[in-house]
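J.: According to full-length UniProt numbering, the sequence shown holds residues 1 to 377 in order.
The C-beta atom is built at its ideal place from N, Cα and C for all residues, glycine as well.
Remember, it's a predicted structure, so these values are computed and weren't measured experimentally.
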Amino acid sequence: MKAVKTIVWLGMLTLFISTGSFAQNREDSENTETLKNAFEDKFYIGTALNAWQVSGRKPEEIQVVKKHFNSIVAENIMKSGRLQAEQGKFDFDLADQFVEFGEKNGMHIHGHTLIWHSQAPRWFFTDEQGNQISKEELTRRMKDHISTVVGRYKGRIDSWDVVNEAIEDDGSYRESKFYQILGKDFIKLAFQFAHEADPQAKLYYNDYSMSKPGKRDGVVRMVKELKEEGIHIDGIGMQGHIGMSHPELSEMEKSIQAFSELGEVSITELDLSVLPSPWGDAGAEISKNYEYEDKMNPFPDGLPEDVNRQFTERYLEFFKLFIKYQDKIERVTLWGVNDGNSWKNNWPVRGRTDYPLLFDRQNQPKPIVDSLINLTR
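1. Alpha carbon to alpha carbon, what distance is there between residue 202 and residue 246?
2. Please classify residue 50 as buried or exposed, where buried requires at least 16 neighbouring CB atoms within 10 angstroms.
3. Under the three-state reduction of DSSP, which class applies to residue 350: helix, strand or coil?
4. Just to confirm, is the Cβ distance from residue 200 to residue 155 under 8 Å?
5. With 16 as the cutoff for other CB atoms within 10 Å, does residue 292 come out buried or exposed?
6. So what does DSSP say about residue 173, is it helix, strand or coil?
7. Inspect the CB distances between the segment 76 to 85 and the segment 106 to 123 and report whether three or more fall short of 8 Å.
8. So what does DSSP say about residue 206, is it helix, strand or coil?
9. Would you mind reading off the limits of the beta strand (DSSP E) that contains residue 333?
10. Assuming residue 109 is part of the beta strand (DSSP E), what are its boundary residues?
11. Do you know whose CA, among 258, 333, 368, 273, lies nearest residue 107's CA?
12. Within a Cβ cutoff of 6 Å, which residues of the same chain sit near residue 44, ignoring the five residues on either side of it in sequence?
13. Quick check on this structure: which residue in 59, 171, 262 has the alpha carbon closest to the alpha carbon of residue 362?
14. Rounded to whole angstroms, what's the CA-CA distance from residue 20 to residue 37? Just pull it up for me.
15. Can at least three beta-carbon pairs, one atom from the segment 202 to 218 and one from the segment 156 to 165, be found at a separation below 8 Å?
16. Out of 275, 211, 138, state which residue places its alpha-carbon closest to the alpha-carbon of residue 182.
17. Three-state secondary structure (DSSP) at residue 271?
18. Of the choices 224, 166, 375, whose alpha-carbon is the least far from that of residue 190?
19. For residue 240, which of helix, strand or coil comes out of DSSP?
20. Does the beta-carbon of residue 102 have 16 or more other beta-carbons within 10 angstroms, so that it is buried, or is it exposed?
21. How far does the alpha helix (DSSP H) with residue 151 in it reach, from first residue to last?
22. Can you list, in chain order, the stretches of the alpha helix (DSSP H) that have 4 or more residues and sit fully within the segment 22 to 105?
23. Put residue 186 into one of helix, strand or coil per three-state DSSP.
24. Look at the Cβ atom of residue 325, then the Cβ atom of residue 260, and state whether they are nearer than 8 Å.
25. How many Å lie between residue 225 and residue 215 at the Cα?
26. For the beta strand (DSSP E) that residue 164 lies in, which residues bound it at each end?
27. Helix, strand or coil for residue 213 per DSSP?
28. Spell out a yes or no on whether the segment 293 to 303 and the segment 347 to 356 are touching, meaning 3 or more CB-CB pairs, one atom from each, closer than 8 Å.
29. Measuring alpha carbon to alpha carbon, tell me which of 306, 277, 197, 304 ends up nearest residue 295.
30. Alpha helix (DSSP H) containing residue 258: first to last residue?
31. If I measure Cβ to Cβ from residue 35 and keep anything under 6 Å in the same chain, skipping five residues before and after, which residues do I get?
32. From what residue to what residue does the alpha helix (DSSP H) around residue 323 run?
33. With distance defined between alpha-carbon atoms, name the residue in 323, 320, 264 nearest to residue 237.
34. Going by alpha carbons, who is nearest to residue 94 out of 74, 129, 336, 86?
35. Name the residue from 309, 177, 105 whose alpha carbon lies nearest to the alpha carbon of residue 367.
36. What would DSSP say about residue 299, mapped onto helix, strand or coil?
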(Lines of atoms letter the chains of each structure in order from A and count residues from 1; the text may use other names and numbers.)
(Lines give C-alpha, C1' and ligand atoms only; values in the text may rest on other atoms or scores of the structure.)
Protein backbone atom coordinates (compact mmCIF):
# COMPACT_ATOMS: atom_id res chain seq x y z
CA MET A 1 0.00 0.00 0.00
CA LYS A 2 2.86 2.30 0.89
CA ALA A 3 4.50 1.52 -2.44
CA VAL A 4 1.30 2.42 -4.30
CA LYS A 5 1.03 5.76 -2.47
CA THR A 6 4.66 6.47 -3.30
CA ILE A 7 4.06 5.79 -6.99
CA VAL A 8 0.97 8.03 -6.99
CA TRP A 9 2.87 10.79 -5.19
CA LEU A 10 5.77 10.55 -7.64
CA GLY A 11 3.35 10.63 -10.54
CA MET A 12 1.67 13.76 -9.20
CA LEU A 13 5.07 15.35 -8.61
CA THR A 14 6.13 14.52 -12.16
CA LEU A 15 2.88 15.98 -13.51
CA PHE A 16 3.37 19.13 -11.43
CA ILE A 17 6.94 19.57 -12.59
CA SER A 18 6.10 18.87 -16.24
CA THR A 19 3.08 21.19 -16.10
CA GLY A 20 5.20 23.92 -14.54
CA SER A 21 7.89 23.39 -17.16
CA PHE A 22 5.27 23.51 -19.90
CA ALA A 23 3.91 26.79 -18.53
CA GLN A 24 7.43 28.21 -18.37
CA ASN A 25 8.24 27.02 -21.88
CA ARG A 26 4.99 28.51 -23.11
CA GLU A 27 5.85 31.83 -21.48
CA ASP A 28 9.37 31.73 -22.94
CA SER A 29 7.90 30.92 -26.35
CA GLU A 30 5.55 33.88 -26.13
CA ASN A 31 8.42 36.11 -25.09
CA THR A 32 10.37 35.15 -28.21
CA GLU A 33 7.51 36.01 -30.60
CA THR A 34 9.14 39.21 -31.77
CA LEU A 35 10.06 40.59 -35.16
CA LYS A 36 13.78 40.69 -34.42
CA ASN A 37 13.82 37.05 -33.37
CA ALA A 38 11.71 35.99 -36.33
CA PHE A 39 14.07 37.64 -38.83
CA GLU A 40 17.26 36.95 -36.89
CA ASP A 41 18.79 34.62 -39.50
CA LYS A 42 17.59 36.70 -42.47
CA PHE A 43 18.36 40.41 -42.04
CA TYR A 44 18.27 43.18 -39.45
CA ILE A 45 14.78 44.52 -38.77
CA GLY A 46 15.02 48.20 -37.91
CA THR A 47 13.09 51.35 -37.12
CA ALA A 48 13.65 55.10 -37.17
CA LEU A 49 13.77 57.00 -33.89
CA ASN A 50 12.64 60.60 -33.45
CA ALA A 51 13.83 63.23 -30.98
CA TRP A 52 11.06 62.55 -28.45
CA GLN A 53 11.90 58.86 -28.32
CA VAL A 54 15.64 59.41 -28.11
CA SER A 55 15.27 61.93 -25.28
CA GLY A 56 13.10 59.58 -23.23
CA ARG A 57 9.75 61.37 -23.59
CA LYS A 58 8.07 58.34 -25.22
CA PRO A 59 9.03 55.36 -23.01
CA GLU A 60 6.11 53.24 -24.23
CA GLU A 61 7.38 53.56 -27.81
CA ILE A 62 10.92 52.75 -26.72
CA GLN A 63 9.64 49.50 -25.19
CA VAL A 64 8.32 48.52 -28.63
CA VAL A 65 11.72 49.31 -30.12
CA LYS A 66 13.59 47.21 -27.54
CA LYS A 67 11.25 44.26 -27.95
CA HIS A 68 10.88 44.06 -31.72
CA PHE A 69 13.82 45.76 -33.44
CA ASN A 70 17.58 45.16 -33.57
CA SER A 71 18.59 48.07 -35.81
CA ILE A 72 17.97 51.81 -35.45
CA VAL A 73 18.37 54.93 -37.57
CA ALA A 74 17.80 58.54 -36.57
CA GLU A 75 14.86 60.03 -38.43
CA ASN A 76 16.03 63.67 -38.37
CA ILE A 77 18.48 64.39 -35.56
CA MET A 78 21.64 63.44 -37.49
CA LYS A 79 20.92 65.48 -40.61
CA SER A 80 23.35 68.31 -41.22
CA GLY A 81 20.81 71.06 -40.57
CA ARG A 82 20.26 69.67 -37.05
CA LEU A 83 23.87 68.86 -36.19
CA GLN A 84 25.41 72.09 -37.48
CA ALA A 85 22.71 74.73 -37.77
CA GLU A 86 25.42 77.40 -37.47
CA GLN A 87 28.79 77.05 -39.12
CA GLY A 88 31.30 75.46 -36.81
CA LYS A 89 28.81 74.98 -33.96
CA PHE A 90 27.93 71.31 -33.66
CA ASP A 91 25.16 70.07 -31.39
CA PHE A 92 25.62 66.36 -30.71
CA ASP A 93 23.37 66.07 -27.67
CA LEU A 94 20.54 64.05 -29.22
CA ALA A 95 22.83 62.21 -31.62
CA ASP A 96 24.97 61.06 -28.69
CA GLN A 97 21.87 59.82 -26.87
CA PHE A 98 20.76 57.97 -30.00
CA VAL A 99 24.09 56.17 -30.37
CA GLU A 100 24.30 55.39 -26.65
CA PHE A 101 20.81 53.86 -26.76
CA GLY A 102 21.81 51.60 -29.63
CA GLU A 103 25.01 50.53 -27.91
CA LYS A 104 23.29 49.87 -24.58
CA ASN A 105 20.75 47.61 -26.27
CA GLY A 106 23.16 45.82 -28.59
CA MET A 107 21.62 47.19 -31.78
CA HIS A 108 22.94 47.73 -35.27
CA ILE A 109 23.27 51.52 -35.64
CA HIS A 110 22.85 53.33 -38.95
CA GLY A 111 23.68 57.02 -39.49
CA HIS A 112 21.37 59.16 -41.62
CA THR A 113 22.45 61.27 -43.49
CA LEU A 114 25.73 63.09 -44.17
CA ILE A 115 25.00 64.90 -47.43
CA TRP A 116 21.45 65.78 -48.43
CA HIS A 117 20.36 68.92 -50.24
CA SER A 118 16.92 69.10 -48.60
CA GLN A 119 17.88 69.58 -44.94
CA ALA A 120 21.31 71.13 -45.28
CA PRO A 121 21.75 74.34 -43.26
CA ARG A 122 21.31 77.56 -45.24
CA TRP A 123 24.85 78.74 -44.57
CA PHE A 124 26.36 75.68 -46.23
CA PHE A 125 26.31 77.18 -49.73
CA THR A 126 26.83 80.92 -49.16
CA ASP A 127 29.42 83.28 -47.73
CA GLU A 128 28.81 86.02 -45.13
CA GLN A 129 27.50 88.34 -47.83
CA GLY A 130 25.03 85.74 -49.09
CA ASN A 131 26.96 84.99 -52.26
CA GLN A 132 27.38 81.45 -53.53
CA ILE A 133 30.69 79.95 -52.40
CA SER A 134 33.39 78.45 -54.60
CA LYS A 135 34.05 74.80 -55.37
CA GLU A 136 37.02 74.84 -53.04
CA GLU A 137 35.06 76.29 -50.14
CA LEU A 138 32.15 73.85 -50.50
CA THR A 139 34.64 70.98 -50.64
CA ARG A 140 36.24 72.25 -47.45
CA ARG A 141 32.88 72.60 -45.69
CA MET A 142 31.81 69.13 -46.76
CA LYS A 143 35.05 67.60 -45.51
CA ASP A 144 34.83 69.44 -42.21
CA HIS A 145 31.24 68.33 -41.60
CA ILE A 146 31.73 64.71 -42.64
CA SER A 147 35.06 64.29 -40.86
CA THR A 148 33.70 65.78 -37.64
CA VAL A 149 30.48 63.74 -37.60
CA VAL A 150 31.81 60.39 -38.79
CA GLY A 151 34.99 60.82 -36.78
CA ARG A 152 33.03 61.40 -33.58
CA TYR A 153 31.29 58.04 -33.94
CA LYS A 154 34.16 56.08 -35.47
CA GLY A 155 33.83 52.44 -34.51
CA ARG A 156 30.40 53.05 -32.97
CA ILE A 157 28.11 53.60 -35.95
CA ASP A 158 27.97 50.53 -38.20
CA SER A 159 26.88 52.18 -41.45
CA TRP A 160 26.06 55.56 -42.96
CA ASP A 161 23.84 57.05 -45.64
CA VAL A 162 26.61 59.16 -47.12
CA VAL A 163 24.63 60.79 -49.92
CA ASN A 164 20.83 60.96 -50.04
CA GLU A 165 18.59 61.53 -53.06
CA ALA A 166 21.03 62.82 -55.67
CA ILE A 167 19.41 61.17 -58.70
CA GLU A 168 16.14 62.18 -60.36
CA ASP A 169 13.47 59.68 -61.41
CA ASP A 170 14.69 59.81 -65.03
CA GLY A 171 18.22 58.87 -63.98
CA SER A 172 19.76 62.33 -64.34
CA TYR A 173 21.62 64.14 -61.56
CA ARG A 174 19.47 66.33 -59.33
CA GLU A 175 20.28 70.03 -59.81
CA SER A 176 20.89 70.61 -56.11
CA LYS A 177 23.23 73.25 -54.72
CA PHE A 178 25.84 70.55 -54.22
CA TYR A 179 25.60 69.67 -57.91
CA GLN A 180 25.43 73.27 -59.11
CA ILE A 181 28.68 74.13 -57.36
CA LEU A 182 30.67 70.89 -57.56
CA GLY A 183 28.98 68.88 -60.29
CA LYS A 184 28.64 65.15 -59.78
CA ASP A 185 32.01 65.09 -58.02
CA PHE A 186 30.29 66.08 -54.76
CA ILE A 187 29.15 62.45 -54.47
CA LYS A 188 32.66 61.09 -54.95
CA LEU A 189 34.08 63.56 -52.44
CA ALA A 190 31.47 62.71 -49.82
CA PHE A 191 32.28 59.00 -49.97
CA GLN A 192 36.00 59.71 -49.90
CA PHE A 193 35.73 61.89 -46.80
CA ALA A 194 33.46 59.39 -45.01
CA HIS A 195 35.77 56.46 -45.72
CA GLU A 196 38.79 58.43 -44.53
CA ALA A 197 36.99 59.31 -41.28
CA ASP A 198 36.01 55.70 -40.52
CA PRO A 199 37.44 53.02 -42.84
CA GLN A 200 35.42 50.28 -41.08
CA ALA A 201 31.95 51.81 -41.43
CA LYS A 202 29.76 50.61 -44.29
CA LEU A 203 28.84 53.40 -46.69
CA TYR A 204 25.55 53.65 -48.55
CA TYR A 205 23.89 55.67 -51.27
CA ASN A 206 20.18 56.12 -50.40
CA ASP A 207 17.23 57.23 -52.56
CA TYR A 208 13.47 56.93 -53.12
CA SER A 209 11.44 55.60 -56.09
CA MET A 210 14.21 53.09 -56.68
CA SER A 211 11.89 50.67 -58.48
CA LYS A 212 11.48 53.12 -61.36
CA PRO A 213 13.52 51.93 -64.37
CA GLY A 214 14.98 55.37 -65.10
CA LYS A 215 16.18 55.94 -61.56
CA ARG A 216 17.41 52.36 -61.28
CA ASP A 217 19.55 52.77 -64.38
CA GLY A 218 20.84 56.14 -63.23
CA VAL A 219 21.88 54.87 -59.80
CA VAL A 220 23.54 51.78 -61.29
CA ARG A 221 25.44 53.94 -63.76
CA MET A 222 26.57 56.37 -61.04
CA VAL A 223 27.73 53.66 -58.59
CA LYS A 224 29.58 51.76 -61.34
CA GLU A 225 31.42 54.93 -62.33
CA LEU A 226 32.41 55.65 -58.74
CA LYS A 227 33.60 52.10 -58.14
CA GLU A 228 35.66 52.22 -61.33
CA GLU A 229 37.36 55.30 -59.88
CA GLY A 230 38.19 53.33 -56.74
CA ILE A 231 35.57 54.97 -54.52
CA HIS A 232 34.49 52.89 -51.53
CA ILE A 233 30.72 52.20 -51.59
CA ASP A 234 29.34 49.21 -49.71
CA GLY A 235 25.69 49.31 -50.59
CA ILE A 236 22.54 50.95 -51.86
CA GLY A 237 19.54 51.93 -49.76
CA MET A 238 16.15 51.55 -51.41
CA GLN A 239 13.65 53.78 -49.65
CA GLY A 240 10.42 51.86 -49.14
CA HIS A 241 7.77 54.58 -49.23
CA ILE A 242 5.16 52.39 -50.86
CA GLY A 243 1.42 52.54 -51.48
CA MET A 244 -1.39 50.06 -51.95
CA SER A 245 -0.90 49.93 -55.72
CA HIS A 246 2.64 51.19 -56.29
CA PRO A 247 5.35 50.27 -56.96
CA GLU A 248 4.94 47.11 -58.98
CA LEU A 249 6.49 44.19 -57.15
CA SER A 250 8.24 43.02 -60.32
CA GLU A 251 10.01 46.37 -60.71
CA MET A 252 11.06 46.30 -57.05
CA GLU A 253 12.56 42.86 -57.65
CA LYS A 254 14.46 44.05 -60.71
CA SER A 255 16.00 46.85 -58.66
CA ILE A 256 17.04 44.50 -55.85
CA GLN A 257 18.70 42.28 -58.44
CA ALA A 258 20.45 45.18 -60.17
CA PHE A 259 21.68 46.86 -57.00
CA SER A 260 22.83 43.60 -55.41
CA GLU A 261 25.34 43.21 -58.23
CA LEU A 262 27.03 46.39 -56.94
CA GLY A 263 27.05 45.59 -53.21
CA GLU A 264 24.70 45.17 -50.28
CA VAL A 265 21.07 46.23 -50.49
CA SER A 266 19.03 47.69 -47.64
CA ILE A 267 15.32 48.44 -47.66
CA THR A 268 15.17 51.80 -45.90
CA GLU A 269 12.40 54.14 -44.73
CA LEU A 270 9.71 51.50 -45.18
CA ASP A 271 6.08 52.55 -44.73
CA LEU A 272 2.86 51.61 -46.52
CA SER A 273 0.41 54.45 -47.02
CA VAL A 274 -3.26 53.51 -47.38
CA LEU A 275 -4.22 57.05 -48.44
CA PRO A 276 -4.61 58.36 -51.99
CA SER A 277 -1.54 60.07 -53.43
CA PRO A 278 -1.90 63.39 -55.27
CA TRP A 279 0.36 62.10 -58.04
CA GLY A 280 -0.12 58.35 -57.76
CA ASP A 281 3.44 57.10 -57.32
CA ALA A 282 5.90 56.28 -54.54
CA GLY A 283 7.86 59.50 -54.58
CA ALA A 284 9.23 61.19 -51.48
CA GLU A 285 10.16 64.67 -52.66
CA ILE A 286 9.47 66.56 -49.44
CA SER A 287 9.36 69.96 -51.15
CA LYS A 288 6.06 68.96 -52.75
CA ASN A 289 3.01 69.63 -50.58
CA TYR A 290 -0.69 69.73 -51.44
CA GLU A 291 -3.70 71.44 -49.90
CA TYR A 292 -5.95 69.41 -47.61
CA GLU A 293 -9.19 68.02 -49.04
CA ASP A 294 -11.58 65.65 -47.26
CA LYS A 295 -11.45 63.22 -50.17
CA MET A 296 -7.72 62.85 -49.58
CA ASN A 297 -8.32 61.81 -45.96
CA PRO A 298 -10.86 58.95 -46.24
CA PHE A 299 -10.14 57.16 -42.93
CA PRO A 300 -9.94 59.77 -40.13
CA ASP A 301 -11.55 57.43 -37.56
CA GLY A 302 -9.88 54.13 -38.40
CA LEU A 303 -9.47 51.65 -41.23
CA PRO A 304 -12.35 49.53 -42.51
CA GLU A 305 -11.77 45.79 -42.13
CA ASP A 306 -11.35 45.23 -45.87
CA VAL A 307 -8.65 47.93 -46.06
CA ASN A 308 -6.92 46.41 -43.02
CA ARG A 309 -6.88 43.07 -44.79
CA GLN A 310 -5.48 44.61 -47.99
CA PHE A 311 -2.86 46.41 -45.92
CA THR A 312 -1.68 43.13 -44.38
CA GLU A 313 -1.63 41.34 -47.72
CA ARG A 314 0.33 44.15 -49.36
CA TYR A 315 3.01 44.20 -46.64
CA LEU A 316 3.28 40.42 -46.83
CA GLU A 317 3.92 40.60 -50.59
CA PHE A 318 6.91 42.84 -50.03
CA PHE A 319 8.32 40.86 -47.13
CA LYS A 320 8.05 37.65 -49.15
CA LEU A 321 10.18 39.41 -51.75
CA PHE A 322 12.68 40.54 -49.12
CA ILE A 323 12.95 37.02 -47.73
CA LYS A 324 13.49 35.68 -51.26
CA TYR A 325 16.57 37.93 -51.47
CA GLN A 326 17.66 37.65 -47.85
CA ASP A 327 21.19 36.79 -48.92
CA LYS A 328 21.38 40.17 -50.72
CA ILE A 329 19.59 42.35 -48.14
CA GLU A 330 21.38 43.57 -45.02
CA ARG A 331 18.46 45.24 -43.26
CA VAL A 332 14.82 46.25 -43.59
CA THR A 333 14.02 49.44 -41.68
CA LEU A 334 10.56 50.85 -40.92
CA TRP A 335 10.32 54.63 -41.02
CA GLY A 336 8.89 55.08 -37.54
CA VAL A 337 7.65 53.08 -34.58
CA ASN A 338 3.88 53.62 -34.69
CA ASP A 339 1.27 55.23 -36.91
CA GLY A 340 1.00 58.32 -34.71
CA ASN A 341 4.58 59.45 -35.26
CA SER A 342 4.76 58.70 -38.99
CA TRP A 343 5.65 61.57 -41.29
CA LYS A 344 2.96 60.30 -43.67
CA ASN A 345 0.26 61.98 -41.55
CA ASN A 346 1.54 65.33 -42.81
CA TRP A 347 3.05 64.53 -46.20
CA PRO A 348 2.23 65.08 -48.99
CA VAL A 349 -0.98 66.51 -47.53
CA ARG A 350 -0.81 68.00 -44.05
CA GLY A 351 -3.37 66.99 -41.42
CA ARG A 352 -4.34 63.54 -42.66
CA THR A 353 -4.64 60.30 -40.68
CA ASP A 354 -2.52 57.53 -42.14
CA TYR A 355 -1.76 53.99 -40.94
CA PRO A 356 1.56 53.09 -42.60
CA LEU A 357 3.48 51.19 -39.90
CA LEU A 358 3.34 47.88 -38.04
CA PHE A 359 2.12 49.26 -34.69
CA ASP A 360 -0.98 51.38 -34.10
CA ARG A 361 -1.25 54.68 -32.23
CA GLN A 362 -1.52 52.83 -28.91
CA ASN A 363 1.69 50.90 -29.68
CA GLN A 364 -0.24 47.68 -30.18
CA PRO A 365 0.95 45.30 -32.90
CA LYS A 366 -1.33 45.11 -35.91
CA PRO A 367 -2.27 41.73 -37.40
CA ILE A 368 0.60 42.17 -39.86
CA VAL A 369 3.10 41.60 -37.04
CA ASP A 370 1.88 38.06 -36.36
CA SER A 371 1.61 37.46 -40.09
CA LEU A 372 5.25 38.46 -40.58
CA ILE A 373 6.40 36.26 -37.71
CA ASN A 374 4.43 33.32 -39.14
CA LEU A 375 5.93 34.03 -42.56
CA THR A 376 9.42 33.27 -41.24
CA ARG A 377 8.55 29.87 -39.76
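T.: Well, looking at it:
1. 30 Å
2. buried
3. Under the three-state reduction of DSSP output, residue 350 falls in the coil class, being neither helix nor strand.
4. yes
5. Per the 10 Å Cβ criterion, exposed.
6. Residue 173 falls in the strand class under three-state DSSP.
7. Touching, yes, given that three or more Cβ pairs across the two stretches are closer than 8 Å.
8. strand
9. Here the beta strand (DSSP E) through residue 333 covers 329 to 334.
10. 108 to 115
11. 333
12. 70, 71, 108, 331
13. Each of 59, 171, 262 was checked against the Cα of residue 362, and the nearest Cα belongs to 59.
14. Bear in mind that the predicted position of residue 20 carries a pLDDT of just 43, short of 50, making it too unreliable to give a figure here.
15. Flag = yes, the segment 202 to 218 and the segment 156 to 165 touch.
16. 138
17. strand
18. 166
19. strand
20. buried
21. 135 to 152
22. 35 to 38, 51 to 54, 59 to 68, 80 to 83, 93 to 104
23. helix
24. yes
25. If you draw a straight line from the Cα of residue 225 to the Cα of residue 215, it is about 15 Å long.
26. Counting along the chain, residue 164 sits inside the beta strand (DSSP E) bounded by residues 159 to 164.
27. helix
28. yes
29. It is 277.
30. 249 to 260
31. Same-chain partners within the cutoff: 45, 68.
32. 305 to 324
33. 264
34. 74
35. 309
36. coil
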